[in-house]
Every structure is written in structure tokens, then in C-alpha cells.
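*Asks:* Numbering (our numbering), first residue to last: 4 to 350.
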Ligand code: SF4
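(1) In three-state terms, what does DSSP make of residue 162?
(2) So, for residue 209: in the same chain, excluding its five sequence neighbours on each side, which residues have a beta-carbon less than 6 angstroms away from its beta-carbon?
(3) Assuming residue 63 contacts residue 91 under a Cβ cut-off of 8 angstroms, what Cβ separation, rounded to an integer in Å, is found between them?
(4) Is the closest heavy atom of the ligand SF4 to the C-beta of residue 215 under 6 angstroms?
(5) Throw me the rounded Cβ distance for the residue 155 and residue 221 pair, which I believe falls under 8 angstroms.
(6) Taking the alpha helix (DSSP H) that residue 13 belongs to, which residues open and close that run?
(7) What beta strand (DSSP E) runs, 3 residues minimum, are completely inside the segment 237-321?
(8) Looking at residue 290: is its Cβ nearer than 7 angstroms to the Cβ of residue 276?
(9) To the nearest angstrom, how far is it from the Cα of residue 211 to the Cα of residue 168?
(10) So within the segment 9-80, which uninterrupted beta strand (DSSP E) runs reach at least 3 residues, ignoring any that extend past its ends?
(11) Which same chain residues end up closer than 7 angstroms to residue 235 when comparing Cβ atoms and leaving out the 5 residues on each side of it in sequence?
(12) So, do the segment 318-334 and the segment 236-244 have three or more beta carbon pairs nearer to each other than 8 angstroms?
(13) I'd like the span of the alpha helix (DSSP H) that includes residue 189, first residue to last.
(14) Do three or more CB pairs link the segment 64-73 to the segment 100-120 at distances below 8 angstroms?
(15) For residue 134, name the three-state secondary structure that DSSP assigns.
(16) Let me check you understand the geometry: is the CB of residue 204 closer than 6 angstroms to at least one non-hydrogen atom of the ligand SF4?
(17) The ligand SF4 and residue 119: does the residue's C-beta get closer than 6 angstroms to at least one heavy atom of that ligand?
(18) Given a cut-off of 7 angstroms on the beta-carbon distance, is the pair residue 305 and residue 294 in contact?
(19) Strictly under 7 angstroms for the Cβ-Cβ distance: is residue 14 near chain D by that measure?
(20) Do residue 258 and residue 336 come within 7 angstroms of each other at the CB atom, strictly closer than that value?
(21) Give the straight-line distance between the Cα atoms of residue 233 and residue 307, rounded to the nearest whole angstrom.
(22) Buried or exposed for residue 100, please, with buried defined as at least 16 other CB atoms from any protein chain shown within 10 angstroms of its CB.
(23) Measuring only from the beta carbon, is residue 295 closer than 6 angstroms to any heavy atom that is part of the ligand SF4?
(24) Relative to the alpha-carbon of residue 320, which residue among 247, 338 and 201 has its alpha-carbon at the smallest distance?
(25) Can you name the residues that DSSP bridges to residue 324?
(26) Take residue 356 as the anchor and find which of 227, 47 and 28 has the nearest alpha-carbon.
(27) Among the candidates 177, 149 and 144, whose CA atom is the shortest distance from the CA of residue 164?
(28) Check whether the Cβ of residue 196 lies closer than 6 angstroms to any heavy atom of the ligand SF4, and answer yes or no.
(29) Quick one: is residue 53 buried, meaning 16 or more other Cβ sit within 10 Å of its Cβ, or exposed?
(30) Among 30, 204, 118 and 160, whose alpha-carbon lies nearest the alpha-carbon of residue 129?
(31) Consider the C-beta atom of residue 188 and the heavy atoms of the ligand SF4; say whether any pair is separated by less than 6 angstroms.
(32) With distances taken Cα to Cα, identify the nearest neighbour of residue 39 among 133, 108, 137 and 27.
(33) What does a CB cutoff of less than 8 angstroms around residue 184 pick up in its chain, not counting 5 residues either side in sequence?
(34) Expressed to the nearest angstrom, what Euclidean distance is found between the alpha-carbon atoms of residue 356 and residue 112?
(35) Can you tell me whether residue 7 is buried or exposed, with buried defined as 16 or more other CB within 10 angstroms of its CB?
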């Protein structure tokens, strides 16, 4: 074990750590909640969500009693909605247990809790001897030790796991894990870290070998493919037509306007013809929105909203429901729809 490395990080952490609510507790529920919210999300963005969740659902039993629509509504804006749904499913499972598990071996048995989260909860709440590896830790280890294995390959993950474990001090495990994560988040940042103030600068491989911009190594992912969404915003007496997305695929079980989803851009005349035929629309289009752009991990979405006013005798298509304009903000919708609704001042 490299005492210089771990002691330097713990020392740095004692001076520079941020004041974050989940650091002041060893309650596994709060720690789990923060970890789920912070996956793929920056602390600044995730903090208000954490506070909203912990205030509304102070215990795992309160969260387990919530409906999926309530949780997704609270999750709105964080993206990766499957995390919100998994949060609720895991809360239901934990709520039936005697108490919130703190040990890695019990946590890893739960659906929705993987190696990273189980290690984090058991380390932070129980000081268990587990190395926690998130994106920040990969970056610090890769740069400092010059480990150039791809961090998203199976063999790379194994090597990093071994290295992380070999650096883990027997004492202060939890503090060390939090220190290296925070060090990656604040000091050894992805772009242009200020190495001149870094306490590890004298022994850092990436700095001495000028490899800061090439470490850590990541295998390239497939480029995202295009998806075109054409929404029909059908207004009947100040009520709008909504439907729930299917169980699987993007934005599963969120609400949306009826739409066409295609992989090739369509001319407006064809879009209108198809929307009218699919959704029983007889009236002319009143307005067409500008094009909205939205990026998902594997999809580049371009969307337009076609607004219609329908008559009282309009035949509501299957699986759709009418929602008053005043209440639409209470429905969990994808971020893309939220942007449109905000511009239309429906929220
Ligand atoms: S010297 Fe620079 S690259 Fe090396 S650990 Fe410090 S901040 Fe990261």
C-alpha cells in the first residue's frame, strides 16, 4: 500500500471537501438515495433533488409507499428515468426487510444495487473494507499510476479494481474512499486540472509524462442514431390529449403527446397527413413549433410540435386521456416536452 498516496488524499480532503448533507450521516438510506441521484448527474444539479426526495420521503418506507407517477414527477429533469423507476422498485423491496442493509453482501443481492452502490453504502455507512470506484476514482488512479487499460472494458475494470483495493488503507476506509472521489471531482478534473496546486504533483505519472489529456483511456461507444419525433398537440376546450409511453424503451411510462416516431426526417405535408390519420384529427394545423433538439446516450432527437384544435365530438384515440392545461404540470413528462410546455407557459 502507498501510504503517501492515501494520506495525501485524506489530508487534502480534510481541507477541501464540500459541505454535503449525505456526508454528515451514516444512514444507509440517505447515502443510497444520494448515490442513485448522483449517478450520471453533477452534485450541483443533484443536490436539490436529494433535498426534495429526503424531505418528501424521510424514510425508505415513505418512498416505498409513493406511486410511480409521483416518483417520476419528482425525478423530472434528472434524465435516465429508469433510475427513478429502479429507485422505487428497490425501496419497495428494502421496505419489506427488517432494516436497511448496510453490508455489501446483503446490498448486492438487491435488484437495482450494483457493485459500485453496494461498495459505497457499505463503506460510508458501515466503514466496510471496500474500494469504491466511480468515474472520478478511475481518472485519479489512471493518471497518477499511469494505468492505461480502458476503464469501460472488463479486463480494465478488473485491473482498476485490484489497484484501488491495493491502495485502500485499513483504517479510515470510508474517509479515504470519499477523499479520492472528491479529489477527482474537484482537483483532478477531466479537463485542464490545475496540477500546479496538486499535492500529488511530484509523483504523478500523467503530469511527468504529459499524458493528462490521454488518461484515462475509454473504448469508443457507438455514435448515437437519429430519431425524429412529431407530436400532435390536440386541444379540446383547453384540455390537451396525453398518453403514457410503453413499459420499455426511452422515457418508459412517462406522459407525452400522441406522436409519430421515425428514424428518417419527413416532409411536413407527410407528417400532417400521418398525424391526422393516426389520431382522428379533422381540423387544420394551427401552428408548428420550431425544431427542438435533445440528446440521449444513444439517440439524437429532433422534434416538432403540431398544434390542433379539435371539436367536442372528437373521437379520443385509444390509450389517450384528456388533461386540463392547468394540471398538465403535475404529470411526469420527458425533459423535451417540459421545454415545450414551459415555452407555451403551460407550467
Ligand atoms: S498532478 Fe495533475 S493529473 Fe496528477 S493527480 Fe494531480 S491534478 Fe491529477
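The beta-carbon is built from N, C-alpha and C at its ideal position, and this holds for glycine as well.
*Replies:* Judging by the given coordinates:
(1) On the chain shown, position 159 is the one that residue 162 refers to. In the structure shown, residue 162 falls within a helical segment according to DSSP collapsed to helix, strand and coil.
(2) Locating residue 209 in the chain shown gives position 206, where the first residue counts as 1. Same-chain partners within the cutoff: 146, 215 and 218.
(3) To locate residue 63, count along the chain shown from 1; it is residue 60. To locate residue 91, count along the chain shown from 1; it is residue 88. A Cβ-Cβ distance of about 11 angstroms is found for the pair residue 63 and residue 91, leaving them out of contact under the 8 angstroms criterion.
(4) Indexing the chain shown from 1 puts residue 215 at position 212. The answer is yes for residue 215.
(5) Within the chain shown, the letter at position 152 stands for residue 155. Within the chain shown, the letter at position 218 stands for residue 221. Contact between residue 155 and residue 221 holds, with the beta-carbon distance rounding to 5 angstroms and staying under 8 angstroms.
(6) The residue labelled residue 13 in the question sits at position 10 within the chain shown. First-last of the alpha helix (DSSP H) with residue 13: 6-19.
(7) The segment 237-321 contains these whole beta strand (DSSP E) runs: 242-247, 262-265, 295-298 and 302-312.
(8) Numbered from its first residue, the chain shown carries residue 290 at position 287. Numbered from its first residue, the chain shown carries residue 276 at position 273. Not a contact, by the Cβ cut-off of 7 angstroms.
(9) Here residue 211 is taken as the residue at index 208 of the chain shown, counted from 1. Here residue 168 is taken as the residue at index 165 of the chain shown, counted from 1. Between residue 211 and residue 168, the C-alpha separation is close to 24 angstroms.
(10) You should have found no qualifying run.
(11) What you label residue 235 is simply residue 232 of the chain shown in a count that begins at 1. In chain order, 260, 261, 262, 278, 282, 284, 309 and 311 place their CB closer than 7 angstroms to the CB of residue 235, counting only its own chain and leaving out the 5 sequence neighbours on each side.
(12) Yes, the segment 318-334 touches the segment 236-244.
(13) The sequence position of residue 189 within the chain shown is 186, counting from 1. Secondary structure note for residue 189: its alpha helix (DSSP H) is the uninterrupted segment 176-189.
(14) With fewer than three CB-CB distances shorter than 8 angstroms, the segment 64-73 does not count as touching the segment 100-120.
(15) The residue given as residue 134 occupies position 131 in the chain shown. Coil, per DSSP.
(16) Along the chain shown, read from residue 1 onward, the residue named residue 204 stands at position 201. It does: the Cβ of residue 204 is within 6 angstroms (strictly closer) of some heavy atom of the ligand SF4.
(17) Here residue 119 is taken as the residue at index 116 of the chain shown, counted from 1. Checking every heavy atom of the ligand SF4 against the Cβ of residue 119, none is found closer than 6 angstroms.
(18) Within the chain shown, the letter at position 302 stands for residue 305. Within the chain shown, the letter at position 291 stands for residue 294. At the C-beta level, residue 305 and residue 294 come within 7 angstroms of one another.
(19) Absence of chain D from the displayed structure is noted, only one protein chain being present.
(20) Start at 1 with the first residue of the chain shown, and residue 336 comes out as number 333. Start at 1 with the first residue of the chain shown, and residue 258 comes out as number 255. The answer is yes: Cβ separation under 7 angstroms.
(21) Translated into positions along the chain shown, residue 233 becomes position 230. Translated into positions along the chain shown, residue 307 becomes position 304. Answer to the nearest angstrom: the Cα atoms are 5 angstroms apart.
(22) Mapped onto the chain shown, residue 100 falls at position 97. Label assigned to residue 100: exposed.
(23) Walking along the chain shown from the start, residue 295 turns up at place 292. No, since every heavy atom of the ligand SF4 falls outside the 6 angstroms radius drawn around the Cβ of residue 295.
(24) Here residue 320 refers to the residue found at position 317 of the chain shown. Of the listed residues, the one whose Cα sits closest to residue 320 is 247.
(25) Sequence index remark: in the chain shown, residue 324 carries index 321 (1-based). According to DSSP, residue 324 bridges with 245.
(26) Residue 356 lies beyond the range of the chain shown here (4 to 350); nothing can be said about it.
(27) In the chain shown, residue 164 corresponds to position 161, counting from 1. Answer by Cα proximity: 144.
(28) Residue mapping note: residue 196 aligns to position 193 of the chain shown, counting from 1. Short note on residue 196: C-beta closer than 6 angstroms to some heavy atom of the ligand SF4.
(29) The residue you call residue 53 lines up with position 50 of the chain shown. Its Cβ being crowded by 16 or more others within 10 Å, residue 53 is buried.
(30) By one-based count along the chain shown, residue 129 stands at place 126. Comparing Cα-Cα distances from residue 129 to each of 30, 204, 118 and 160, the minimum goes to 30.
(31) As a working mapping, residue 188 is identified with position 185 in the chain shown. Residue 188 Cβ: outside cutoff for every heavy atom of the ligand SF4.
(32) Counted from its first residue, the chain shown places residue 39 at position 36. Checked all of 133, 108, 137 and 27; the closest Cα to residue 39 is 137.
(33) If you number the chain shown from 1, residue 184 lands on position 181. Correct list, in chain order: 135, 137, 139 and 140.
(34) In the structure as shown, the chain starts at 4 and stops at 350, and residue 356 therefore has no counterpart that could be examined.
(35) The residue you call residue 7 lines up with position 4 of the chain shown. Residue 7 comes out exposed.
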